[in-house]
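Take 41 as the starting number for the sequence shown in the numbering used here and just add one per residue. Note sheet for the following structure.
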Amino acid sequence: MSKQNTAPTATEAPDISALRAQREFKLNEYLRRGGESYPNNFKPNATAAQLAAQYADPETYSQQALHDTPTPSYKLAGRIMLFRGFGKLIFARVQDSSGQFQISLSIDASGPEIFGLFNDCIDIGDIVGVEGPVSRTNKGELTLSVQNFTLLTKGLQPLPDKYHGMTDVEARYRQRYLDLITSPEVRATFVARSKAITAIRRFLDDNGFLEVETPVLQHQAGGANARPFGTHHNALDIPLNLRIAPELFLKRLLVGGFERVYELSRNFRNEGISTKHNPEFTMLEFYAAYGTREDAMDLMEEMLRHTVQYVTGGTVIPCGETETIDFAKPFRRITMREALLTMAGFTEADLEHVDGLAAAAKAKGVPVPNPVHSYGELFQLCFEELVEKQLIQPTYIMDYPIETSPLVRQIPGRPGWTQRAELYIAGREHGEFYSELNDPIDQRSRFERQRENAKKGNDEAMPFDHDFLNALETGMPPALGVGLGIDRVAMLLANQPSIRDVILFPLLRPKAE
């Protein structure tokens with residue numbers, strides 16, 4: 041009769057305190073028999089993936105061949121994920137960062153002392169170091185035949201059940217360590233995220249950009265229309281804000297002579313939480329002197345194509361359950377006005393003035409604010425409410441209203457409209473692209489308008505930044521600017537619908553005690 045060392049299912053409602061007591065007893069038994077408590081002297085010389093790859097050929101490394109010519113003794117370390125006892129034989133699976141590998145112990149091969157110690161003291165969730173040659177079972181599975189082992193870490197808390205796993209989504213976010221242990225898919229998501237950041241860095245470095253670091257604590261949180269988190273510096277006795285964007289400091293570096301700069305930054309915005317927004321998030325911003333919005337869009341297409349290839353090995357990725365996106369194809373480019381006319385059903389007459397736009401928007405179900413702060417803000421709101429979700433394939437939306445783009449150069453001959461674009465993929469905005477404003481007189485005027493909007497109750501209006509204006513008056517070269525949401529790129533690459541699924545530890549409400 042087999043011994044099944046498995047975790048209890050969710051329906052069994054296990055007594056965690058009793059299970060913990062059992063595991064403490066086994067730890068003490070291991071120590072009583074001469075084992076060491078939480079040692080740090082085991083040095084693995086192979087990973088699960090390396091062993092699987094090295095002995096993958098079933099003809100060269102058949103059961104008989106491995107029996108006749110034993111392999112070297114390997115040292116493998118990892119967490120026990122499965123434990124099955126069959127009298128005088130034990131099979132278990134060890135998981136390390138590269139994958140899983142089967143191990144076996146028998147009274148004959150391992151010896152009665154080693155076999156008994158493992159059988160009596162080891163649980164699913166324990167971290168062990170095992171030593172022995174590689175063999176192949178009757179069913180053809182590669183197995184490390186354990187001749188010696190060390191209990192490296194006793195798992196006092198049981199893991200979630202193998203078959204039910206972590207079904208509570210919030211529990212997965214709160215206990216991400218368990219989520220990572222039990223779900224290869226979750227681990228793959230965060231590996232993809234890390235690879236994407238590596239690819240982006242390499243691309244920018246190879247294109248002559250310099251990575252820099254700018255302040256997280258700022259007197260004024262500028263560079264975006266968003267509410268900041270406030271804090272207080274005790275020694276200086278002054279209020280400070282966590283940054284909402286690094287833009288204004290990166291532009292100061294353009295003034296200082298660094299012509300191509302980028303920063304992968306953690307930003308903080310005191311706003312709502314949704315499947316697309318987390319108050320703490322990662323953003324890439326880069327700036328290049330003497331470049332335009334169009335140059336920025338070209339560069340982004342190349343960078344995303346490079347990133348997708350680096351992470352996935354190809355250019356086509358799944359999107360949702362039925363769509364695919366091919367990054368080898370050129371991205372579509374249309375203006376916001378064209379999008380409202382062709383994809384939202386507005387007429388030219390609807391878009392002529394704010395009253396007509398408000399009436400048409402209400403008729404289409406857009407939540408029109410009262411009062412409407414500006415034509416431009418309502419214009420962009422209509423796009424976000426009615427068009428955004430339709431943009432599955434990579435699409436640049438160009439020519440944004442000046443009211444929502446206070447740091448962007450105007451379009452020549454079109455007052456009130458700016459050389460700004462945003463990239464939409466999978467129905468979400470992923471990045472912003474600008475021909476940057478470097479006219480200090482125009483910038484001062486726009487800061488004044490933002491200040492007036494703040495007085496009217498717009499708590500996301502950008503503050504008036506005198507120091508930044510001084511920098512502009514020193515002279516900033518014409519430049520392109522780009523902001524890219526790294527979390528959303530990770531969502532795209534991993535085909536995940538929620539930003540929380542690509543942030544290791546997303547912000548949650550405190551758990552009720």
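Every residue gets a Cβ at the ideal spot worked out from N, C-alpha and C, and that includes glycine.
Inspect the beta-carbon positions of residue i and residue j and report whether they are closer than 8 Å.
i: F308; j: R267; result: no
i: M383; j: Q420; result: no
i: G169; j: F82; result: yes
i: L106; j: I313; result: no
i: A466; j: V427; result: no
i: E462; j: L520; result: no
i: L533; j: V351; result: yes
i: C91; j: Y114; result: Note on residue identity: the sequence assigns Leu, not Cys, to residue 91. Going by C-beta atoms, L91 is nearer than 8 Å to Y114.
i: R372; j: T435; result: yes
i: R468; j: K316; result: yes
i: Q490; j: M502; result: yes
i: K295; j: M438; result: The sequence given here places Val at residue 295; Lys does not occur at that position. For V295 and M438, no; Cβs fall outside 8 Å.
i: L509; j: P480; result: yes
i: L59; j: P198; result: yes
On the criterion of 16 or more Cβ atoms from any shown chain inside 10 Å, does residue i qualify as buried, or is it exposed?
i: D245; result: exposed
i: G74; result: exposed
i: A401; result: buried
i: E513; result: exposed
i: Y415; result: buried
i: D541; result: buried
i: Q135; result: buried
i: H470; result: buried
i: T271; result: exposed
i: L276; result: exposed
i: F545; result: exposed
i: S485; result: exposed
i: V356; result: exposed
i: R306; result: exposed
i: T364; result: exposed
i: E251; result: exposed
i: I589; result: With the chain running from 41 to 553 in the structure shown, residue 589 is simply not present.
i: T207; result: exposed
i: S102; result: exposed
i: Y78; result: exposed
What residue range does the alpha helix (DSSP H) around residue i cover?
i: T28; result: The chain is shown only over 41 to 553; residue 28 falls outside these bounds and no answer can be derived.
i: F473; result: It is not in any alpha helix (DSSP H) - F473 instead sits in the beta strand (DSSP E) that spans R468 to S475.
i: G312; result: Unbroken run through G312: none, as it is neither H nor E.
i: A389; result: Note, A389: premise wrong, no alpha helix (DSSP H); not H, not E.
i: Y327; result: Premise fails: Y327 lies in the beta strand (DSSP E), E320 to A329, not in any alpha helix (DSSP H).
For the beta strand (DSSP E) that contains residue i, what are its first and last residues?
i: K369; result: Run containing K369: none; DSSP gives neither H nor E here.
i: Q135; result: L129 to D136
i: R449; result: It is not in any beta strand (DSSP E) - R449 carries neither H nor E in the DSSP assignment.
i: M121; result: Y114 to F126
i: E171; result: I167 to G172
i: A494; result: Premise fails: A494 lies in the alpha helix (DSSP H), P480 to K495, not in any beta strand (DSSP E).
i: V522; result: A519 to G525
Put residue i into one of helix, strand or coil per three-state DSSP.
i: K551; result: coil
i: A58; result: helix
i: V348; result: helix
i: T362; result: coil
i: V542; result: coil
i: E52; result: Confidence is the limiting factor: at E52 the pLDDT is only 49, short of 50, which leaves the residue's position unreliable and the question unanswerable from this model.
i: N68; result: helix
i: N159; result: helix
i: F249; result: coil
i: F269; result: coil
i: E462; result: strand
i: D277; result: coil
i: N188; result: strand
i: I143; result: strand
i: M438; result: strand
i: S575; result: This structure does not reach residue 575, given that the chain is present from 41 up to 553, and the question cannot be answered.
i: R63; result: helix
i: S223; result: coil
i: I357; result: strand
i: S77; result: coil
i: T238; result: helix
i: R176; result: strand
i: Y415; result: helix
At least one CB of chain D closer than 8 Å to the CB of residue i: is that the case?
i: G296; result: The structure shown contains no chain D, having only a single protein chain.
Does at least one heavy atom of the ligand GDP sit under 7 Å from the Cβ of residue i?
i: R486; result: As far as ligands go, the structure on display features none, and thus does not contain the ligand GDP.
Notebook entry, point to check: So, do the region 233-251 and the region 483-499 have three or more beta carbon pairs nearer to each other than 8 Å?
Noted result: Pairwise C-beta distances place the region 233-251 out of contact with the region 483-499, as fewer than three of them are shorter than 8 Å.
Next item on the list: Report yes or no: do the region 279-294 and the region 256-263 share at least 3 C-beta pairs separated by less than 8 Å?
Entry: When C-beta atoms of the region 279-294 are compared with those of the region 256-263, three or more pairs fall below 8 Å, so the two segments count as touching.
Notebook entry, point to check: Does the count of Cβ pairs from the region 135-150 and the region 112-127 closer than 8 Å reach three?
Noted result: For the pair of segments examined, the region 135-150 was found to touch the region 112-127: the number of CB pairs separated by less than 8 Å reaches three.
Check: Between the region 206-224 and the region 170-177, do at least 3 Cβ pairs fall closer than 8 Å?
Finding: Because the criterion of three Cβ pairs below 8 Å is not met, the region 206-224 and the region 170-177 do not touch.
Margin query: Three Cβ pairs or more, each shorter than 8 Å: is that satisfied between the region 324-341 and the region 296-310?
Written below: They touch, by the three-pair rule.
Note to self: Would you call the region 180-187 in contact with the region 146-159, where contact means no fewer than 3 C-beta pairs closer than 8 Å?
What the structure shows: Yes, the region 180-187 touches the region 146-159.
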